[in-house]
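Trainee: Numbering (UniProt numbering) for the sequence shown: 1 to 455.
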Amino acid sequence: MQLPDEFVTKYKKLMGAEASEFLAALNQPSYSGFRENPLKNGHPTSAINQSAGKVPYVSTGYYGQVNGKSLDHVTGWVYSQEPSAMFVGEVVDPQPGERVLDLCAAPGGKTTHLIGKMNNEGLLVANEIFPKRAKILAENLERWGAKNAVVTSESPADLEKQFPQYFDRILVDAPCSGEGMFRKEPAGIEYWSPDYPAECANRQQKILASAMKMLKPGGVLVYSTCTFAPEEDEQNISWLLNNYPHLELMPIKKAAGMDDGRPEWADNNSDLEKTVRLFPHHIKGEGHFIAKLINKTPVAVPEKYKKKNKRKKQSIVRPDKTQLKLFEQFQTKVFPNYQPHQLILFGDQLYDLPLEEDKMAGLNVLRPGLHLGTFKKNRFEPSLAWALASLPDEAEQVIEVDEDQWRQYVHGDVINIVDNQANGWYLLVCNRHSAGFGKLVNGTVKNFYPKGLRF
Ligand SMILES: C[S@@+](CC[C@H](N)C(=O)[O-])C[C@H]1O[C@@H](n2cnc3c(N)ncnc32)[C@H](O)[C@@H]1O
């Protein structure tokens, strides 16, 4: 790999005696990994059998690659994620029932990790500034079976008006100069210049300032980057500590091979040692930096945070009586114990919203919670998202398919069933994996797998 001369000179100076080992590691192959989904009812055994072993510091993490067309991947039992990046979700450590914000969330590696830890309880707002990337984020969350996640596409400055002092935990996985990913994505080297880290740091401080407005007193902020640049790492944490005197760094339990942050690369504040650096010459993964801070602000909400969001209200539409009846007919037969938070309509799409409705006003929401299905003329068609978010035991009507039949299903073909089951909607299950819905009509399962996803 051809690293820029200025980059090499900078890190020779910063790393001193370690520099040659560090620079040599950047010419070694990168590591891949995946996490298993704790929301599912079993382990993705075929993916695990082909893995290169456990990631020691993440209970759900493995080294290795997953086939994107495998049952485990397509039904959301695994998420491919670089091993160092997995440590971020461990540090955030969200608890079931909390309000959590993932401010720079696409494509969703950390969001899926957080949702698994929250056991789908509480609220996770996953925000991504770029709508196209937010769409990919929403798709990844559907595959993962997220029930408690709302996907928004807002700038942090707009989001802050909606959620003053609202979240228990906020993750800022910041857009950065990406130096830690150079060996995984060498194209990133082209964007690099000696001034680039300072430009990124400037943008990161603006994002952090918005995050601070949304953090509850007592709340926890986790800041992470995939760069080695001190400007974006320790120096930004010093900036935070100097500008927000109520913020305190929290210790992070480091696993073998993880380094302390470097106070001497910022303002020599020894507390910066509590942050963590993942260097590729010390750990089996790419370069990362993580800091965890607690907001010790006294509990009262300052007046200045109470400013109103003046953007146009997005009105909440509820299903009418006929639609509710259609939905209930499906629900009582297939998922009699499903208890929605609140049912709302987006056009003819039915969602289960896990957020107070006044918080939706004025927000650009791509996914207002779990997509339950679509109303079409006089019927309700359940969504793939709902199937992927449910466990086989939760469904009253199940058809077991083998892997060949599952391949027919994801290809868009009908499946012929020999069992004498009654006509109606069924959750299709392959080897304990909820895979989608099918409508059985006289021994033939009609295929409702979305056309855009067939392969
Ligand atoms: C490091 S990536 C996030 C990766 C993601 N957390 C994951 O684990 O999959 C940073 C994200 O910040 C977004 N971003 C870029 N500029 C931004 C800005 N000014 N404010 C907020 N987010 C921004 C990028 O589009 C990108 O999706």
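Built from N, CA and C at the ideal position, the CB exists for glycine as well. Values in this document were obtained by computation on a predicted structure and should not be read as measured data.
May I have the straight-line CA-CA distance separating Phe279 from Phe346, to the nearest angstrom?
Mentor: Cα to Cα, Phe279 sits roughly 45 Å from Phe346.
Trainee: Does the separation of the CB atoms of Glu286 and Gly436 fall below 9 Å?
Mentor: No, the Cβ-Cβ distance between Glu286 and Gly436 is not below 9 Å.
Trainee: Tell me which same chain residues have a C-beta within less than 8 Å of the C-beta of Pro368, skipping the five on either side of it?
Mentor: The answer, listed in chain order, is Val150, Ile344, Phe346, Tyr351, Leu353, Leu355 and Met360.
Trainee: Give the straight-line distance between the Cα atoms of Tyr449 and Val410, rounded to the nearest whole angstrom.
Mentor: Distance between the alpha carbons of Tyr449 and Val410: 6 Å.
Trainee: Look up Trp425 in the DSSP assignment and give the residues it is bridged to.
Mentor: Beta-bridge pairing links Trp425 to Lys439.
Trainee: Report whether the distance from the Cβ of Pro175 to the nearest heavy atom of ligand 3 is below 8 Å.
Mentor: Ligand 3 is not among the ligands present in this structure, which contains only ligand 1.
Trainee: Nearest-angstrom Cα distance between residue 456 and His281?
Mentor: Limits of the chain in this structure are 1 at one end and 455 at the other, which puts residue 456 out of reach.
Trainee: Quick check on DSSP: helix, strand or coil for Cys176?
Mentor: Coil.
Trainee: Three Cβ pairs or more, each shorter than 8 Å: is that satisfied between the segment 114-128 and the segment 84-102?
Mentor: These segments touch.
Trainee: How should Met258 be labelled, buried or exposed, when 16 other C-beta atoms within 10 angstroms of its C-beta is the threshold for buried?
Mentor: That one is buried.
Trainee: Which of the three DSSP states is assigned to Glu356 in this structure?
Mentor: Three-state DSSP puts Glu356 in coil, outside helix and strand.
Trainee: Out of Ser84, Val78, Tyr338 and Gln408, which one is the CA nearest neighbour of Lys142?
Mentor: The question names Lys, yet the displayed sequence has Glu at residue 142. Measuring from the Cα of Glu142, the nearest candidate turns out to be Val78.
Trainee: Take the Cβ of Thr45 as the centre, count every other Cβ of all protein chains shown within 10 Å, and call the residue buried at 16 or more, exposed below.
Mentor: Thr45 comes out exposed.
Trainee: Kindly indicate which residue of Leu247, Ser238, Tyr244 and Asn243 has the alpha-carbon position closest to the one of Gly261.
Mentor: Gly261 has its Cα closest to that of Ser238, out of Leu247, Ser238, Tyr244 and Asn243.
Trainee: Please determine if the segment 417-428 and the segment 180-200 are in contact, where contact requires at least 3 C-beta pairs separated by less than 8 Å.
Mentor: Output reads no: the segment 180-200 does not touch the segment 417-428.
Trainee: Going by DSSP, which residues form a beta bridge with Ala291?
Mentor: Note: Ala291 sits in a beta bridge opposite Tyr223.
Trainee: For ligand 1, is there a heavy atom less than 8 Å away from the beta-carbon of Ser155?
Mentor: Result yes, Cβ under 8 Å from ligand 1.
Trainee: Give the DSSP-derived three-state secondary structure of Leu363 in the structure shown.
Mentor: Reduced to three states, the DSSP call for Leu363 is coil.
Trainee: Answer yes if the segment 126-140 comes into contact with the segment 45-58, meaning at least three C-beta pairs across the two stretches below 8 Å, and no otherwise.
Mentor: No, because fewer than three Cβ pairs between the segment 45-58 and the segment 126-140 fall closer than 8 Å, the two stretches do not touch.
Trainee: So Leu103 and Pro156 are supposed to be a Cβ contact under 8 Å. How far apart are they, rounded?
Mentor: Yes, Leu103 and Pro156 are in contact; Cβ-Cβ is about 6 Å, under 8 Å.
Trainee: Helix, strand or coil for Ser80? Go by DSSP, reduced to three states.
Mentor: Three-state DSSP puts Ser80 in a strand.
Trainee: Among the candidates Val74, Trp192 and Ile189, whose CA atom is the shortest distance from the CA of Gly145?
Mentor: Of the listed residues, the one whose Cα sits closest to Gly145 is Val74.
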